[in-house]
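Read in order, the letters of the sequence shown correspond to residues 13 to 79 in my numbering. We treat Cβ as the ideally placed atom computed from N, Cα and C, and that holds for glycine. Structure first, commentary second.
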Amino acid sequence: MTHSNTAEMKAKTLTWRRDRTSKTLESIEAKTNKYCEAATTGDQLQRIVGYMSRVFLLEDSTGLIQR
């Protein structure tokens, strides 16, 4: 495999990972919204905090959060 093919494959992999992460974040956001609308107990609020924690961890680990 030549160097340019390797670089191209890395670029495609990065794009795929970012697309997949974006879809995951959209899913987590939808679930978070659902729980926020129905949150009445401490347990449900704990779930919201859990989902939000995952959102921030995913964004940070994929470099989607700009520093």
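Just the C-alpha distance for L57 and A19, rounded to the nearest angstrom, thanks.
Translated into positions along the sequence shown, residue 57 becomes position 45. Translated into positions along the sequence shown, residue 19 becomes position 7. Here the alpha carbons of A19 and L57 stand approximately 44 Å from one another.
Would you mind giving the Cβ-Cβ distance between V67 and L37, rounded to the nearest angstrom? I have them listed as a contact below 8 Å.
Translated into the one-based positions of the sequence shown, residue 67 becomes position 55. Translated into the one-based positions of the sequence shown, residue 37 becomes position 25. Right, their Cβ atoms sit about 6 Å apart.
So K43 and Y63 are supposed to be a Cβ contact under 8 Å. How far apart are they, rounded?
Sequence index remark: in the sequence shown, residue 43 carries index 31 (1-based). Sequence index remark: in the sequence shown, residue 63 carries index 51 (1-based). Contact flag correct, Cβ pair sits at about 6 Å.
So, at 8 Å on beta carbons, what are the nonlocal neighbours of Y47 in its own chain, with the 5 sequence-adjacent residues on each side left out?
Against the sequence shown, residue 47 aligns to sequence position 35. Contacts found: Q56, R59, I60, Y63.
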